[in-house]
Amino acid sequence: MLSQRPSNARRRELRRNRPDRVPAWWARLRRREIGWSVLFVVTLTVIGSVIAVSSRVQPQHRIGQPVDEPVVARVAFNAVDEELTRREQVESRAAVLDVYSADQRYFEELRERLTSLLSLAERPYDELTPEMLDGTPLARRGHALLAQYQEGNGDQFSPEAWQDKVEAYLRGYFDTPILNDAQYADRFEQGGLIDILKPASVELTEEQQQPVHVRAALRSVEQVDAIRDRVRQAVLAIPPDLQDTAEHLVMAELRPTYYFDDTETATRQMAAFANAPIIRVPFAPGDLLVSAGVRLTEDQFRLLETERAAYHEQVTTLETVLSRAALAGVLAMLFAGVWTYLFVIGSRVASNPMRGLAVATLLLLGQALAVIAEGLWPAAPVGGVAFPTVLVTIVLAVVYSQPFALVLGTAHALLVTLTLDRGAELALVLIAGVAVAAWQLHDIRSRSKLVVVGALAGFAMAAVTALVSLLHQPAISVSQWQRLGIDAAAAAASGFVAGLLVQGMLPLIERAFRVTTAMSLKELNDNAKPLLKRLAHEAPGTYQHSLRIADMAEAAAESIGADGLLCRVGAMYHDVGKINKPHYFIENQGGGPNKHSKLSPAMSLLLIVGHVKDGVEMAREYGLPRCLIHFIESHHGTTLVEYFYHAAKKQNEEKQRESTGHVDPDDAPSEFEFRYPGPKPQTKEAAILLVCDGIEAAARACEEPTPARLQQITHTIAMKRLMDGQFDECNLTLAELSRIEKAIVKTLCAIYHSRIKYPAGQKQANDARGVTRSASA
Numbered sequence: 128m129l130s131q132r133p134s135n136a137r138r139r140e141l142r143r144n145r146p147d148r149v150p151a152w153w154a155r156l157r158r159r160e161i162g163w164s165v166l167f168v169v170t171l172t173v174i175g176s177v178i179a180v181s182s183r184v185q186p187q188h189r190i191g192q193p194v195d196e197p198v199v200a201r202v203a204f205n206a207v208d209e210e211l212t213r214r215e216q217v218e219s220r221a222a223v224l225d226v227y228s229a230d231q232r233y234f235e236e237l238r239e240r241l242t243s244l245l246s247l248a249e250r251p252y253d254e255l256t257p258e259m260l261d262g263t264p265l266a267r268r269g270h271a272l273l274a275q276y277q278e279g280n281g282d283q284f285s286p287e288a289w290q291d292k293v294e295a296y297l298r299g300y301f302d303t304p305i306l307n308d309a310q311y312a313d314r315f316e317q318g319g320l321i322d323i324l325k326p327a328s329v330e331l332t333e334e335q336q337q338p339v340h341v342r343a344a345l346r347s348v349e350q351v352d353a354i355r356d357r358v359r360q361a362v363l364a365i366p367p368d369l370q371d372t373a374e375h376l377v378m379a380e381l382r383p384t385y386y387f388d389d390t391e392t393a394t395r396q397m398a399a400f401a402n403a404p405i406i407r408v409p410f411a412p413g414d415l416l417v418s419a420g421v422r423l424t425e426d427q428f429r430l431l432e433t434e435r436a437a438y439h440e441q442v443t444t445l446e447t448v449l450s451r452a453a454l455a456g457v458l459a460m461l462f463a464g465v466w467t468y469l470f471v472i473g474s475r476v477a478s479n480p481m482r483g484l485a486v487a488t489l490l491l492l493g494q495a496l497a498v499i500a501e502g503l504w505p506a507a508p509v510g511g512v513a514f515p516t517v518l519v520t521i522v523l524a525v526v527y528s529q530p531f532a533l534v535l536g537t538a539h540a541l542l543v544t545l546t547l548d549r550g551a552e553l554a555l556v557l558i559a560g561v562a563v564a565a566w567q568l569h570d571i572r573s574r575s576k577l578v579v580v581g582a583l584a585g586f587a588m589a590a591v592t593a594l595v596s597l598l599h600q601p602a603i604s605v606s607q608w609q610r611l612g613i614d615a616a617a618a619a620a621s622g623f624v625a626g627l628l629v630q631g632m633l634p635l636i637e638r639a640f641r642v643t644t645a646m647s648l649k650e651l652n653d654n655a656k657p658l659l660k661r662l663a664h665e666a667p668g669t670y671q672h673s674l675r676i677a678d679m680a681e682a683a684a685e686s687i688g689a690d691g692l693l694c695r696v697g698a699m700y701h702d703v704g705k706i707n708k709p710h711y712f713i714e715n716q717g718g719g720p721n722k723h724s725k726l727s728p729a730m731s732l733l734l735i736v737g738h739v740k741d742g743v744e745m746a747r748e749y750g751l752p753r754c755l756i757h758f759i760e761s762h763h764g765t766t767l768v769e770y771f772y773h774a775a776k777k778q779n780e781e782k783q784r785e786s787t788g789h790v791d792p793d794d795a796p797s798e799f800e801f802r803y804p805g806p807k808p809q810t811k812e813a814a815i816l817l818v819c820d821g822i823e824a825a826a827r828a829c830e831e832p833t834p835a836r837l838q839q840i841t842h843t844i845a846m847k848r849l850m851d852g853q854f855d856e857c858n859l860t861l862a863e864l865s866r867i868e869k870a871i872v873k874t875l876c877a878i879y880h881s882r883i884k885y886p887a888g889q890k891q892a893n894d895a896r897g898v899t900r901s902a903s904a
C-alpha cells in the first residue's frame with residue numbers, strides 16, 4: 128500500500144521550517160527598503176539627467192558673467208571678426224551720400240506756368256493786356272508760335288509737342304541742384320557730392336528716375352547769376368522765339384529745387400550697413416577664445432555661441448551618447464550616496480516610500496528651479512541659482528534635522544553645479560549658504576526666525592561670491608566693482624527671499640511632510656485652544672495634573688537634548704480623553720465619593736483604559752498632529768493598571784474562600800487583561816511622558832514629599848517601567864534615563880517645596896494682616 132502524500136498544509140509547514148539557504152547578502156538586497164531606494168535612485172537619475180541635458184542645450188554663458196577658467200575651442204570653426212566687420216559696416220554706411228529729393232511741387236508749378244502760355248494764343252496778340260501777361264515778356268513772333276502749338280499745325284506743332292519741350296526744359300533746369308543757403312554751405316564744405324532724386328515725370332524711364340551722383344555742380348539759391356547761366360543752357364530746349372519768355376518765368380521766382388531727404392538717406396545707410404561684407408576668422412581646436420578672470424563682453428559671448436553651435440554640428444552621435452551617459456553616471460553616484468546616507472543614519476525616508484517621494488520631488492524641483500532661474504535672470508546668475516538650494520536646505524531643516532539638511536543641501540549644491548556645468552566656485556557659494564542655513568535652524572519658535580536665517584545664509588553667499596571674484600581678479604575697475612556688488616547683492620537677496628517664501632509656505636510644508644514645527648507647537652500650547660479650554664473647564668483636576676507633568680517632561684527632555692517643547696505640548700494633551708468621563712478619575716472628584724466603589728474592577732478597568740482611545744478620537748476630531756496623537760496613545764504604554772488588578776485579584780480570592788475555603792494562586796486574573804493596549808513609546812519624548820505620568824501620580828499620593836522620598840519614588844517608577852519593557856521600542860539609554868530622573872526630581876522638589884509652619888496664633892495674625900492689607904489696597 129502506497130503511503131499517503133502529505134497535505135498542502137503540511138508541505139507549507141515544511142517549507143516554512145526548512146532552513147533558508149539564501150545568502151545573507153541576497154536576503155538583505157531583497158528587503159523592501161532596498162527596492163524602494165533603488166527605484167528612487169534610478170528615477171532621480173533619469174529625471175535629473177533630463178533636466179541637466181535640457182539646461183546644457185541652452186547657452187552656457189551670459190553677457191557680463193565672470194569667466195572662472197579659460198575657454199578654448201573644442202572644434203575648428205570660422206567666427207565673425209566683430210571688430211573688423213563692424214568697422215566695414217561703419218565705413219559702408221559712411222560712404223552713403225546724402226540723398227536730396229526734387230521739390231515736386233515746385234516742378235509742377237513751373238510746368239503749369241509754362242504750359243499755360245498756350246492760353247495766351249487764344250486771343251490775338253493786340254488784344255493781350257498787361258494783366259493777362261502778368262509781366263511775362265512775350266514777343267509777337269513768340270505769340271504766333273504759341274498759336275501754332277495751340278492749333279496743332281503738324282506733328283511738330285501740337286499741345287503735346289509743347290508739353291515735351293517744357294519737360295525737356297525743366298529737366299535740364301533740375302539737373303543742377305539748387306539748395307537753400309544753409310544746406311549749400313554744409314554740402315560744399317563736405318565736397319559738394321550728393322545723391323539726387325529727380326522730379327517724377329511721365330517721360331522719364333525708371334532708370335532715369337534713379338539717384339545720380341552730382342559733384343561740384345551745386346548751386347545756392349542766392350547765386351542768381353550762376354542760376355541764370357544754367358537756365359539759359361536749359362532753355363535751349365525751347366524754340367528761340369519763346370526762350371526769353373520761358374527764362375523769365377523760371378527766374379521770376381527762384382526757389383531751391385531740392386531738399387534733404389532724411390528718410391531716404393537713413394534707409395540707404397541702413398541697407399549699406401546690412402550689406403557690408405562680413406569678415407570671418409578661422410579658429411582651430413585648442414585656440415584660446417576667452418581668458419580667465421574677465422567678464423564676458425557682447426562680442427565674446429557671440430564668439431562662444433558660434434563655437435557652441437559648431438561643436439553641436441560636428442559632434443557625433445556616439446560622442447553625444449557617451450557624454451550624456453557619463454553625466455547620468457555621475458548623478459547616479461550622487462543620488463546613491465544620498466540614499467546610502469539615509470540608510471546609515473536610519474532615516475525614516477529610507478523606509479517610508481511617501482517620505483522618500485517627497486524628498487526626491489523636493490530635490491528635483493530645486494534642480495529645475497535653478498535651471499529656470501539661470502535662464503530668466505542672466506544678469507546675476509549666482510543669486511538666481513542659489514535661491515533653490517537655500518530653499519531646499521531650509522525646508523529639510525524644518526522638516527527633519529540640521530545634519531539631514533546639511534548633507535542633502537550639500538548634495539543639492541553639487542547637483543546644481545553639475546547640472547549647470549559650472550566650476551567649483553559656484554559650489555563653494557552654494558555650500559556656504561547651505562551650511563549657515565542648516566546651522567541656524569535648530570528650532571523655530573518665532574515667525575521671523577526663517578527670514579533671519581535666510582538673510583544670514585544670503586550674506587554668507589554674498590561674502591563667498593565676493594571672495595571668489597577677487598580671487599580671479601584682485602585688481603578690477605570701477606565697473607567691475609559695480610558688477611561684483613550686483614552679484615553679491617543678488618546672492619544675499621536670494622537667501623532672504625528663500626526664508627521669506629518658506630515662512631509663507633510653512634503650513635503647506637507641515638502638511639506635505641506631516642511634521643509639526645515649534646511654531647505650530649507653541650500655537651497648540653495656547654490655553655485658548657478649544658480642546659485645552661474644554662479640559663480646563665470639564666476636567667480641572669486633569670488639567671492641573673497635565674500642567675505639572677508638562678513642567679516635568681520639558682525639563683527632563685531638555686536634560687538629554689530632546690525636544691522639550693514637544694514634550695510640554697504632548698503632556699498638555701495626553702489626558703484629553705478624560706473629558707468624556709472626568710468624575711471617574713480621582714483628580715476630578717474633589718474629595719467626593721469614588722464612583723468606582725460601586726463598580727466591579729473589570730468595569731472600572733474599561734472606564735480607565737478607555738480614556739486613551741477617547742483621547743485619540745478627540746485629537747483626530749480637533750485636528751491635532753500625528754506627533755501629539757502618539758503621546759496620547761502611548762503615555763501608558765502597555766503598563767499594568769495595578770490598582771484594579773489587585774482589586775480584581777482580591778475579589779477573586781474572596782470568592783474562592785467563600786466557595787472552596789482556600790485560595791488557588793493559579794486561578795488569579797491574568798495581568799494581560801489588566802494592561803493598557805499600547806502602543807509602547809516610539810520616541811524619547813513619549814517615553815519621558817510615560818515616566819513623568821507615573822511619577823506625578825505617585826508623588827501626589829505621597830503624604831510627605833521630601834526630596835529623598837521624591838528621589839526614591841522617581842527611581843523606583845523609572846526602573847519599574849524599564850524592567851517592564853516600556854522603553855524597548857525607543858532608543859532611550861540608561862545614561863539618559865539617569866539624567867531624566869535627576870531633572871524630574873529637581874522639578875518635583877520645586878513643585879512640592881516645603882513651607883514654614885506658623886503657630887496657630889501667628890498664622891491667624893498673619894491672615895488678619897493679609898486681609899486688612901488686601902482691603903486697604
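Okay, so the sequence shown: first residue is 128 according to the working numbering, each after it adds one.
No residue lacks a Cβ here, since even glycine has one placed at the ideal position from N, Cα and C.
Because the structure is a prediction, the values reported are computed rather than measured.
Simplified DSSP state of residue i, which is helix, strand or coil
| i | result |
| --- | --- |
| Val217 | helix |
| Tyr803 | coil |
| Leu635 | helix |
| Glu380 | coil |
| His789 | coil |
| Val898 | Confidence is the limiting factor: at Val898 the pLDDT is only 38, short of 50, which leaves the residue's position unreliable and the question unanswerable from this model. |
Residue i classed as buried or exposed, judged by whether at least 16 other C-beta atoms fall within 10 angstroms
| i | result |
| --- | --- |
| Pro326 | buried |
| Phe854 | buried |
| Gly191 | buried |
| Phe315 | exposed |
| Gln609 | exposed |
| Gln283 | exposed |
| Met588 | buried |
| His270 | buried |
| Glu425 | exposed |
| Arg896 | The pLDDT assigned to Arg896 is 49, lower than 50, so where the model puts this residue is not dependable, and the model offers no usable value. |
Closest Cα partner of residue i within the set the options
| i | options | result |
| --- | --- | --- |
| Trp566 | Thr520, Ile406, Ala411 | Thr520 |
| Ala436 | Leu875, Arg802, Ala200 | Ala200 |
| Ile844 | Thr766, Cys876, Ala379, Val517 | Thr766 |
| Gln216 | Val169, Arg240, Val168, Ile406 | Ile406 |
| Pro905 | Glu434, Met679, Tyr670 | Since the first residue shown for the chain is 128 and the last is 904, residue 905 is missing from the structure and cannot be characterised. |
| Leu211 | Gly668, Pro404, Arg298 | Pro404 |
| Glu160 | Met846, Gly473, Thr394 | Gly473 |
| Glu209 | Leu363, Leu381, Thr433 | Thr433 |
| Val194 | Ile558, Pro728, Leu611 | Leu611 |
| Lys649 | Ala559, Tyr700, Ala616, Ala862 | Tyr700 |
| Glu744 | Leu469, Ile706, Ala835, Leu861 | Ile706 |
| Ser575 | Cys857, Leu628, Tyr527, Val739 | Leu628 |
| Met378 | Ile365, Asp253, Ser243, Arg359 | Arg359 |
| Leu241 | His375, Arg395, Gly162 | His375 |
| Arg549 | Ile822, Ser182, Leu662, Ala689 | Ser182 |
| Leu306 | Pro383, Arg214, Arg298, Pro367 | Pro383 |
Residues sharing a beta bridge with residue i, DSSP
| i | result |
| --- | --- |
| Pro409 | Asn205 |
| Val198 | Val417 |
| Ile906 | Here the chain covers residues 128 to 904 and nothing more, so residue 906 does not appear. |
| Phe387 | Tyr227 |
| Leu767 | Arg802 |
Integer Cβ distance of residue i from residue j, believed to fall under 8 Å
| i | j | result |
| --- | --- | --- |
| Pro264 | Tyr276 | Pro264 to Tyr276, Cβ: 18 Å. No contact. |
| Val486 | Ala500 | Contact flag wrong, Cβ pair sits at about 21 Å. |
| Val296 | Ala361 | Just to set this straight, residue 296 is Tyr in the shown sequence, not Val. The Cβ separation is near 6 Å, so the contact holds. |
| His539 | Gly493 | 6 Å |
| Gln529 | Leu577 | In fact, because the Cβ distance is near 14 Å, the residues do not count as touching under 8 Å. |
| Tyr803 | Val703 | With 8 Å as the limit, Tyr803 and Val703 do not qualify as a contact, their Cβ atoms being about 16 Å apart. |
| Ser761 | Gly805 | 7 Å |
Any C-beta of chain D under 9 Å from that of residue i
| i | result |
| --- | --- |
| Asp548 | Here there is only one protein chain, and chain D is not present. |
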